[in-house]
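One structure below.
Protein chains: 2
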Amino acid sequence: MEREKYEERCDEICVHDEVVNSVTEEMPEDEILYDLAELFKVFGDTTRIKILYVLFESDMCVCDIAELLNMGQSAISHQLRVLKQAQLVKFRREGKQVIYSLADDHVRTIINNGMEHIME
Amino acid sequence: MEREKYEERCDEICVHDEVVNSVTEEMPEDEILYDLAELFKVFGDTTRIKILYVLFESDMCVCDIAELLNMGQSAISHQLRVLKQAQLVKFRREGKQVIYSLADDHVRTIINNGMEHIME
DNA sequence: TGAACGTATGAACAATAATTCATATGAAAG
DNA sequence: CTTTCATATGAATTATTGTTCATACGTTCA
């Protein structure tokens with residue numbers, strides 16, 4: 049194993065090898081955990097949470113969202129891009145406008161769970 | 049209302065006042081949305097996700113966690129502090145050691161929901 | 001009490017990310 | 001096709017955040 053830099057483990061008493069080893073086996077791939085963190089990072093911004101909440105209520109064009117959140121069109125557009133990449137929203141063109149909507153119900157589920165936690 | 053800076057709304061066609069107004073009413077308080085984003089921000093870091101995942105399997109002291117993640121004790125301690133403040137983990141002292149564990153089942157629920165999304 | 005050990009904390013630095021500004025793209029209407 | 005309008009994008013700036021290093025704190029054991 050490549051445990052070179054942090055051999056500073058607390059001696060026998062503290063590190064319970066059995067536990068450490070068995071947990072190591074149960075851990076998902078690093079890449080999955082990375083993706084998971086990336087997903088939550090997307091939810092971890094007030095502007096994006098607001099956008100998602102707005103889309104809960106109704107599909108909407110970029111301009112409507114900007115108006116609603118009292119923010120610049122560019123800022124919203126940048127954040128919609130992030131949400132799009134995370135597959136949390138989808139969009140369709142209607143003439144000059146681009147209408148955004150929630151990608152699926154996971155979004156609601158995840159946000160509702162978070163809401164439950166902070167409401168405790 | 050204080051919509052001065054962003055009167056740059058796209059003309060009549062785009063902004064559907066009825067929709068905007070009704071959605072505005074449905075929106076939770078700004079403070080709640082802020083707290084929600086703060087919560088997800090905590091999940092939005094690989095190190096913290098890993099710590100939580102490790103604690104899924106077993107309560108553990110700081111040193112064990114650092115060993116498991118092959119990271120410095122200080123870094124882990126700092127992140128545990130963040131997790132503690134978000135009430136996602138709790139701790140108890142056992143002699144010289146401090147044993148951390150998950151605060152409640154919301155943590156599992158939230159992480160599992162996120163997992164479902166990325167596994168699609 | 002004093003030494004040793006596990007953990008916590010503050011400051012500093014490096015890395016990331018959000019917003020703004022200016023401008024580009026692409027559809028629609030004349 | 002040219003202009004207009006809605007949206008997208010790149011660069012720059014500012015703000016935020018994670019890790020490290022050094023050190024302090026609090027238990028335990030001699």
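The listed protein sequences derive, respectively, from chains A and B. The first sequence begins at 49 in this note's numbering and counts up by one. The second sequence begins at 49 in this note's numbering and counts up by one. Backbone N, C-alpha and C define an ideal beta-carbon position, used for all residues, glycine too. Just so you know, these numbers come straight off a predicted model, no measurement behind them.
Which residues DSSP lists as bridging residue i, in chain order
i, result
"K138 of chain A", "A:S149"
"C109 of chain A", "A:I147"
Beta-carbon spacing of residue i, residue j below 7 Å
i, j, result
"H165 of chain B", "H165 of chain A", "no"
"K98 of chain A", "L117 of chain A", "yes"
"L150 of chain A", "L103 of chain A", "yes"
"V90 of chain A", "V146 of chain A", "no"
"L87 of chain A", "G162 of chain B", "yes"
"V68 of chain A", "D107 of chain B", "no"
Sequence-distant residues of its chain with Cβ nearer than 7 Å to residue i (five each side left out)
i, result
"S125 of chain B", "V110"
"G120 of chain A", "A114"
"K138 of chain A", "S149 and A151"
"M167 of chain A", "none"
"R140 of chain B", "I147"
Cβ shell of residue i (< 6 Å), same chain only, five flanking positions each side left out
i, result
"G92 of chain A", "none"
"D65 of chain B", "none"
"E105 of chain B", "none"
"T95 of chain B", "Q127"
"K53 of chain A", "For K53 of chain A, the predicted structure reports a pLDDT of 43, less than 50, and the residue's modelled location is therefore unreliable. The matter cannot be settled from this model."
Opening and closing residue of the alpha helix (DSSP H) in which residue i lies
i, result
"D65 of chain B", "D65 to E74"
"M163 of chain A", "H154 to M167"
"D83 of chain B", "D78 to F91"
Own chain, CB closer than 8 Å to residue i, minus 5 neighbours either side, in chain order
i, result
"I158 of chain A", "F91"
"L81 of chain B", "M75"
"A123 of chain A", "T95 and A114"
"R35 of chain A", "Outside the shown range of chain A (49 to 168) lies residue 35 of chain A, about which nothing can therefore be said."
"E55 of chain B", "Summary for E55 of chain B: the model assigns pLDDT 44, below 50, so the residue's position carries little reliability; its value from the coordinates is reported in the next sentence. Closer than 8 Å at the Cβ level, and outside the excluded window around E55 of chain B, lies no residue."
"D134 of chain B", "The question names Asp, yet the displayed sequence has Ala at residue 134 of chain B. The answer, listed in chain order, is E86, L87 and V90."
Any non-hydrogen atom of the ligand ZN closer than 6 Å to residue i Cβ
i, result
"I159 of chain B", "Among the ligands in the structure shown, none appear at all, so the ligand ZN cannot be discussed."
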